[in-house]
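Read through the structure below, which is laid out as structure tokens, and then see the notes.
2 protein chains.
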Amino acid sequence: MKLSRYLPILDWGRSYDGAALSNDMMAAVIVTIMLIPQSLAYALLAGLPPVVGLYASILPLMAYALFGTSRTLSVGPVAVVSLMTAAAAANIAESGTPEYLAAAIALAAISGLMLVTMGIFRLGFLANLLSHPVVSGFITASGIIIAASQLKHLLGISASGESLVEIVEALAANVSETNPNTLAIGLGALGFLVWVRNGLKPLLRRIGLGPTAADFATKAGPVLAIVATTAIVAGLGWDKQGVRTVGEIPVGLPPFALPDFDLGLWRELLVGALFISVIGFVESVSVAQTLAAKRRQGIDPDQELVALGASNLASSFSGGFPVTGGFSRSVVNFDAGAATPAAGAFTAVGIALASLFLTPLLYYLPLATLSATIIVAVLTLVDLKKPVELWQYSKRDFIAIMATIILTLVDGIETGVLTGVSLSLALFVFHASRPHAAIVGQVPGTEHFRNVRRHAVICAPNVMTIRVDEALTYLNSRWLEKTVLGDIASNPEVEHLVLMFSAVNGVDASGLEVLETLNRRLADAGVTMHLSEVKGPVMDRLRRTHLLKELTGEIFLSQNDAFEALAPEAGVNGYLSKPDITPESRETGR
Amino acid sequence: MKLSRYLPILDWGRSYDGAALSNDMMAAVIVTIMLIPQSLAYALLAGLPPVVGLYASILPLMAYALFGTSRTLSVGPVAVVSLMTAAAAANIAESGTPEYLAAAIALAAISGLMLVTMGIFRLGFLANLLSHPVVSGFITASGIIIAASQLKHLLGISASGESLVEIVEALAANVSETNPNTLAIGLGALGFLVWVRNGLKPLLRRIGLGPTAADFATKAGPVLAIVATTAIVAGLGWDKQGVRTVGEIPVGLPPFALPDFDLGLWRELLVGALFISVIGFVESVSVAQTLAAKRRQGIDPDQELVALGASNLASSFSGGFPVTGGFSRSVVNFDAGAATPAAGAFTAVGIALASLFLTPLLYYLPLATLSATIIVAVLTLVDLKKPVELWQYSKRDFIAIMATIILTLVDGIETGVLTGVSLSLALFVFHASRPHAAIVGQVPGTEHFRNVRRHAVICAPNVMTIRVDEALTYLNSRWLEKTVLGDIASNPEVEHLVLMFSAVNGVDASGLEVLETLNRRLADAGVTMHLSEVKGPVMDRLRRTHLLKELTGEIFLSQNDAFEALAPEAGVNGYLSKPDITPESRETGR
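Chains F and G are the protein sequences, given in the same order. Taking my numbering, the leading residue of the first sequence gets 1, the next gets one more, and so forth. Taking my numbering, the leading residue of the second sequence gets 1001, the next gets one more, and so forth.
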């Protein structure tokens, strides 16, 4: 039982059968075809030789098959993590040097160790700190940066930089050196891929292809682009006319080797690796959860940390760079019918065969084609409607997403994400320190109590009920004191104050002190203090305190009990409240 | 109107009359007598010449009288802020040097500017970040450190250090050099003061003194100790036998001068000044609020920032060190009947007269006596019962207070407070990310719904109601999805899920996404999703979203409406839940 938690393969492996095998094999073939160009392209994005992308798509998939809890997640190089790898490695050496490659491999090793450690200590919950707006923001901004960074390959010029500003400046400086042949190939591939994405599938369906076959043909689009452009370059000898190609790559399986353990290097890469780990994990877990839920399966985020850590260690040991679970590849794996993580292992075999036999064919593959596939892939990540939606729904979340987008574009993912996370936390805390409370009365004919300012409800002159809409914590303790004493001061005829605790989800020590103070102050003023609808977990705590002994009033199970006991004549001397909150918001609650 | 918000004196000054005048004068006389030894002692604690304590008790009181919103707060040197001043100034120069004095004066200036700025930007809410346990923790630890640091004057040896460890080590190293005469005076004064605090008042009452007179005599104890020990030293010539005394001090009013503006110095003092500002503000505002509430008055925390800032600037311009509102002095002022801030201005006049005419009399005043008054005063700040109480009530708050106490003792107030604040925030966020939810049913014979595991309540087989006990935010969005889908998965007969939102105090963008996802997932599983008891402010927001259009079910005003509509036959086919939470906690809610 214990062992299978850390090695989920023991679980699903036990019931593995022929049906699962054929599903997994089928999925593996499709994913392999899609993965070859993707792996090459993302290695290019990371500033590495394209073959490293293949290396990072073999052992990591095997490792995930052993340790992963998602049945359909496909790990390997992904866009955002490749971009972050490039940013971190660029601090160490220039792209193309052996030191740069060593830094990328070390990043995978450090990130792997971090992830495994976080998994062992069950720190997966820390990923909660990355809110949806922050994640959406940095993905959108990364998509823009990545697309911009790939323009240089499309134009056949050199331009480097981490932030959008730097990249655009570098492009502008060198745009006059654009190589026309490269541009022709790049734009051709780009146009073809956009058409494949948007126009091919409907066309194939119209000429009678089944939906699965049409889908498959669409997914194979990048492979077609690669074959066609490679043939053009080879046939016309454009590689001699300035079109940069993949060139000579070593044939064979990845070299098995321990990553460089250089303490100075590791220290310099630490922060970068931490971001790669956390962001890679969040991306991967979101994908895994989305897919698992579709089939009513579950995943274990803490074990996912271990699995992703193992994948990164495996990548590092085989000369690869940081990997994580990717969205598009996993969706393809899922749609192709993968039944178990074995599909990933079979994919690894496919990629291994490709590295053994296909690499010589890639000699003439133009980099512009790979860039075109990257641009088409990442532009789907850019979601500019999200900020507009957030503006309408929640200004707090809008601030978080805009800060993340802008700072990522201007100063890179690390700054953007850190700012987004800190800002989200600060806004959360600020919000918790300014809660809402409402004076409530009885909805006529029911035992239900609502805000006097939103509903016409029955009130009794001698009883005031305040519904407290927040956990009582140190962040808002002064607020409650002020609110309650203010309400009481402006209603001198009140004899009983009921604090309706239906929305009080916790009371910390500072909150408890405030309740004790309120109880004393109200007693001085001749007002009895009661509580109603105190929830189980809160009551369990309060029962250990002096408050319950000192409380001048009672604790009622329901607000209705309180109202009946304290204002039995509300039907005679009570009055209806006159709601004053706008007609629109007055409908609230229905 | 606007002007009187920034100059509250325009408000209370308008109705100032003879009765207020005589009350304020009386209070001023009593506070002046108590303040003279206190001011001298706290200057000593700050490592400054005692007369600086008098300087810091004149203009600052005038400034507070102009700007302060509390009628009874008394500002001036206080123990904790004096300790922090000593710690910050010791980083610049050695105590006793002109540079040290200049640093203390600069601290008051910087702190004054910071406080005024915070007041103008209405940042008073930031003080909320200092929870009661953190404040209690650092005050307890500071009391211990201060008492230990004063032992050197009691023993007549030299010993310096910031943390308890350093101080104790220094004391142990030099204890052999103890001066017996100094020790005799110190212990004598200490014994006398302890007796005055505990034994004198009952004695005076027994011999027939009224309570006010007895109280006054008790408060005058330190003055008596000073007079007696000064007389002993002067009479027996002990100042020639190694008893250190206050010595020559300049006669006259404080020199009016601008503080040193040395950018390098200011930069070095910045962090220290920030802590002095924030902690001084928190201490002062707590005192002001406590006293104001007793007389049903109010204070304005943001204006208090301005007032304390002005007091510190005034202190700095007159050669003084950082000041704030002190607990014991304010209570004396309050008890003595101070009616308006004018009492503070009159006290300032009293202290000014003392600096003009009394200082020569202080030549023979032994430092040991001043230390004894400090020790007696600060030991009342030490509250060792608090951690025990917190352990019983809330482990979270216990962790915060213990971390604050230990780190303050080991590494000083700044580290202690920073750790306490960060830890409190981290634990708060952690808690918010692991909320509580309960499946609820109808309490028989009522319209009230409670946890099925704590109460025997009516449930319907086809309807499940989950009460969500937390605002839905990005910190816990994954939790809700998991909880709800888990509960639904284990109850396949459920057709309707009601999310009871009575305790949902907010839904951010991440929470909204989860609700949309849940709605879709439940629809896939053939379960209709409803909401009940959505509060006004939450509903106002949700009405701007797609969720309400896409929601498969309805939004009910009350949970009872939902239950009646969805399970009309609950009386026939319903069943009673069997509570399984221990008998003790099962009483919860009553």
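Glycine included, every Cβ here is placed at the ideal spot set by N, Cα and C. What you are looking at is a predicted structure, and each value in this text was computed from that prediction instead of being measured.
1. Near F:Y55, which residues of its chain fall below 7 Å by C-beta distance, leaving aside the five closest residues on each side in sequence?
2. Could you check the C-alpha separation between F:L44 and F:S131 for me, to the nearest Å?
3. Mind checking whether G:G1119 and G:L1358 have CB atoms under 8 Å apart?
4. So which residues on chain F does G:T1419 lean against when the C-beta distance must stay under 9 Å?
5. Return the chain-ordered list of same chain residues with a C-beta closer than 8 Å to the C-beta of G:S1433, the five sequence neighbours on each side being excluded.
6. CA-CA distance, F:E481 and G:G1252?
7. Rounded C-beta distance between G:T1069 and G:A1343? I'm assuming under 8 Å.
8. So, with DSSP's three-state summary, where would you put G:Q1442?
9. Which residues does DSSP pair with F:N451 in a beta bridge?
10. Taking Cβ-Cβ distances shorter than 9 Å, what residues in chain G pair up with F:L576?
11. In the DSSP assignment, find the alpha helix (DSSP H) that holds F:I466 and state where it starts and stops.
12. Any C-beta of chain F sitting closer than 8 Å to the C-beta of G:T1373?
13. Whose CA, out of G:A1046, G:V1052, G:L1548, lies closest to the CA of G:A1079?
14. Got a sec: is the Cβ-Cβ distance from F:Q392 to anything in chain G below 8 Å?
15. May I have the straight-line CA-CA distance separating F:N174 from F:M34, to the nearest angstrom?
16. Per DSSP, what kind of secondary structure is G:S1424 in: helix, strand or coil?
17. Report the residue from G:E1569, G:T1552, G:G1441, G:V1135 whose alpha carbon sits nearest the alpha carbon of G:P1579.
18. Within 10 angstroms of the Cβ of G:L1061, are there 16 or more other Cβ atoms? Answer buried if so, exposed if not.
19. Quick one: using the 10 Å Cβ neighbour count with 16 as the cut-off for buried, is G:T1140 buried or exposed?
20. Contact criterion: CB-CB distance below 8 Å. Does F:T446 meet it with respect to chain G?
21. Using CA atoms only, rank isn't needed, just tell me which of G:F1125, G:S1424, G:G1272 is closest to G:D1302.
22. Looking only at its own chain, which residues have a Cβ that is under 8 Å from the Cβ of G:G1486, when we skip the five neighbours before and after it?
23. Going by DSSP, what residue range makes up the alpha helix (DSSP H) through F:S532?
24. Is G:Y1064 near G:S1328, with beta carbons less than 8 Å apart?
25. Can you name the residues of chain F whose CB is closer than 7 Å to the CB of G:T1473?
26. Could you tell me the distance, in whole angstroms, from the CA atom of F:V271 to the CA atom of F:H153?
27. Is F:D524 buried or exposed, if buried means 16 or more other CB atoms sit within 10 Å of its CB?
28. Contact between the region 216 to 232 of chain F and the region 282 to 290 of chain F: three or more CB pairs below 8 Å?
29. Quick check on G:V1468: buried or exposed, where buried means 16 or more other Cβ atoms within 10 Å of its Cβ?
30. For G:K1385, decide whether its Cβ has a neighbour in chain F, counting only Cβ atoms nearer than 8 Å.
31. In chain order, what residues of the region 539 to 566 of chain F put their CB closer than 7 Å to some CB of chain G?
32. Below 8 Å, how does it come out for the region 87 to 96 of chain F and the region 347 to 354 of chain F: are there three or more Cβ pairs, yes or no?
33. Under 6 Å Cβ to Cβ from F:V457, same chain only, skipping five residues before and after it: list those, please.
34. Give the range of the alpha helix (DSSP H) segment to which F:H496 is assigned.
35. Identify which residue in F:I375, F:P322, F:L7, F:L129 has its Cα closest to the Cα of F:V194.
36. Does G:K1152 have its Cβ less than 8 Å from a Cβ in chain F?
Considering the structure as presented:
1. P254, S318, G319, G320
2. 30 Å
3. No, the pair does not count as a contact, with Cβ atoms beyond the cut-off.
4. Ordered by position in chain F, no residue passes the 9 Å Cβ test against G:T1419, which lies about 15 Å from the chain.
5. L1475, N1476, W1479
6. 46 Å
7. Wrong, their Cβ atoms sit about 15 Å apart, outside the cutoff.
8. Of the three classes helix, strand and coil, the one that applies to G:Q1442 here is strand, per DSSP.
9. F:V440
10. Residues of chain G passing the Cβ test: none, with the nearest at roughly 17 Å.
11. That residue, F:I466, is in no alpha helix (DSSP H); its beta strand (DSSP E) goes 463 to 468.
12. no
13. G:A1046
14. yes
15. 33 Å
16. Residue state, collapsed to three classes: helix.
17. G:G1441
18. buried
19. buried
20. F:T446 counts as touching chain G.
21. G:F1125
22. none
23. It is not in any alpha helix (DSSP H) - F:S532 instead sits in the beta strand (DSSP E) that spans 528 to 532.
24. no
25. F428
26. 29 Å
27. Exposed, since its Cβ has fewer than 16 Cβ neighbours within 10 Å.
28. no
29. buried
30. Taking a beta-carbon distance threshold of 8 Å, G:K1385 does not count as an interface residue toward chain F.
31. The residues in question are M539, D540, R541, R544, T545, I555, L557, S558, N560.
32. The answer is no - the region 347 to 354 of chain F does not touch the region 87 to 96 of chain F, with fewer than three Cβ pairs under 8 Å.
33. G441, Q442, V443, R450, S577
34. Segment 496 to 500 is the beta strand (DSSP E) holding F:H496; no alpha helix (DSSP H) there.
35. F:I375
36. no
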